[in-house]
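Report on the structure given below.
Residue numbers (the working numbering): 1069 to 1221.
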């Protein structure tokens, strides 16, 4: 009887723990964004809008940054400032040439990201989910890499 109870508790615990990751919703293509892609790793989260000139200029830099950081287990993610969804989000991302993942669901509550009224704005979030830096204005891949290196020690 005790063995059965322990076995049942082990199964229940496993099921509960497997569902503990944050829900990051879907990306610009409607694909689910798995928690493993964001949890327990450093993140670069960029807020952009189609109407923002400096956002358009920095997108190629962020595309390059995303490629450079793949090997370092650092994720680059975008969030549309105007909260467009579905086909409109896909169209806006495609129009700007965004190659990194754009989150349809704003992660500001999960990571306690302060709301900015200015664009573009980029946040560096550490592997514990804490915002470590708020970078205002247009960024370069080189500048973000330098900031990440300084923060990660």
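Note that CB positions come from ideal geometry on N, CA and C, so glycine has one too.
All of these numbers come straight from a predicted model, not from anything done at the bench.
Once the 5 residues before and after residue i are set aside, which same chain residues still bring their CB inside 8 Å of it?
i	result
residue 1170	1095, 1096, 1145, 1146, 1147, 1148, 1157, 1161
residue 1215	1192, 1201, 1203
For residue i, is the classification buried or exposed, using 16 other Cβ atoms within 10 angstroms of its Cβ as the cut-off for buried?
i	result
residue 1151	exposed
residue 1190	buried
residue 1155	exposed
residue 1207	buried
residue 1084	Bear in mind that the predicted position of residue 1084 carries a pLDDT of just 40, short of 50, making it unreliable; the figure below should be weighed with that in mind. Burial call: exposed.
residue 1182	exposed
residue 1165	exposed
residue 1185	exposed
residue 1143	buried
residue 1119	exposed
residue 1141	exposed
Kindly indicate which three-state DSSP category residue i falls into: helix, strand or coil?
i	result
residue 1208	coil
residue 1178	helix
residue 1201	strand
residue 1100	strand
residue 1090	coil
residue 1171	strand
residue 1111	strand
Return the chain-ordered list of same chain residues with a C-beta closer than 6 Å to the C-beta of residue i, the five sequence neighbours on each side being excluded.
i	result
residue 1202	1191
residue 1174	1147
Does the beta carbon of residue i come closer than 8 Å to any beta carbon on chain D?
i	result
residue 1132	In summary, chain D is missing from the structure at hand, where a single protein chain is found.
Kindly give me the distance between the Cβ atoms of residue i and residue j, rounded to whole angstroms, as I take these residues to be in contact under 8 Å.
i	j	result
residue 1187	residue 1092	About 22 Å; that fails the 8 Å criterion.
*Could you pull out every unbroken alpha helix (DSSP H) segment of at least 4 residues lying fully inside the region 1136-1166, listed in chain order?*
1154-1164
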